[in-house]
Amino acid sequence: MIRLLALPGSLRKASWNHGLLRAARDAAGDGITVTIHLLEGIPLFNQDLEGNPPEAVRAFKRAVADADGVLIATPEYNYAVSGVLKNALDWASRPTREQPFSGKPVGIISAGGRFGGLRAQLQLRQIGHGMGMLMMTRPELYVDQAASKFDAQGNLTDTATRDAVAAYVQALAAWTQRLA
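Note that my numbering has the sequence shown beginning at 132, numbered continuously upward.
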């Protein structure tokens with residue numbers, strides 16, 4: 132059984148990126164579980180607290196450590212990853228002796244406007260490299276023109292995109308298995 136932890140980089144109720152992760156969970160298939168972990172309880176990073184972090188941070192780090200691989204769905208805000216996602220990654224990288232993402236297989240997907248979150252993915256790859264993540268580089272999944280592919284509640288409605296998400300989950304599970 133491959134256990135994938137799914138992290139939505141948005142707090143919005145009808146988030147397209149959270150919708151991508153729900154579609155990934157629904158498409159996982161036999162031998163793969165996708166568990167979505169919300170980032171909404173994680174406070175702003177404060178280095179003064181890293182020796183005794185808040186429970187939400189400890190739970191997040193445990194979830195990452197316990198997963199076989201991680202699937203991150205990032206929105207793009209101002210050409211970058213969301214603040215909520217960057218904040219969670221900052222907590223996960225500190226203190227430096229505790230690195231739950233280091234050596235962890237990670238896949239990135241995104242949904243957005245014309246470029247589908249491409250620039251946020253590029254930035255996240257750079258952040259991930261610094262954290263020692265083992266990024267899956269192929270396939271890539273950028274959902275452009277997302278407003279036409281999701282309903283008002285943030286559920287993925289586009290069949291071709293649903294198929295692409297299912298294929299991506301299978302590829303990430305295979306990547307995770309290969310690195311195990």
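By construction, the Cβ of each residue, glycine as well, lies at the ideal position given by its N, Cα and C atoms.
Taking a 10 Å sphere around the C-beta of Gln252, we find 16 or more other C-beta atoms and assign the residue as buried.
Annotation: Gln230 to Leu216 spans about 16 angstroms, alpha carbon to alpha carbon.
Here Asn148 is buried: its Cβ has 16 or more other Cβ atoms, across all protein chains shown, within 10 Å. In this model, Leu138 and Ala190 are separated by some 13 angstroms (Cα to Cα). For Ala277, DSSP assigns no beta-bridge partner whatsoever. A direct Cα-Cα distance of roughly 17 angstroms separates Ser233 from Arg134.
Considering only Met267, Ile203, Gly182, Val300, the residue with the shortest C-alpha distance to Ser241 is Ile203. When rounded, the separation of the alpha-carbon atoms in Ala219 and Asp197 is 16 angstroms. Per DSSP, the beta bridge partners of Arg134 are Thr164. Residue nearest to Ser213 within the set Arg225, Phe281, Leu175 is Leu175 (criterion: CA-CA distance).
Per DSSP, the unbroken beta strand (DSSP E) holding Ile240 starts and ends at 236 to 242.
Around the C-beta of Pro236, 16 or more other C-beta atoms lie within 10 Å, and the residue is accordingly described as buried. If you compare the alpha carbons of Ala304, Gly172, Gly160, Leu303 with that of Trp222, the shortest gap goes to Gly172. Per the Cβ contact rule, the region 271 to 280 is in contact with the region 246 to 261 (3 or more Cβ pairs under 8 angstroms).
Beta-bridge partners of Ile203 (DSSP): Leu138, Ile239.
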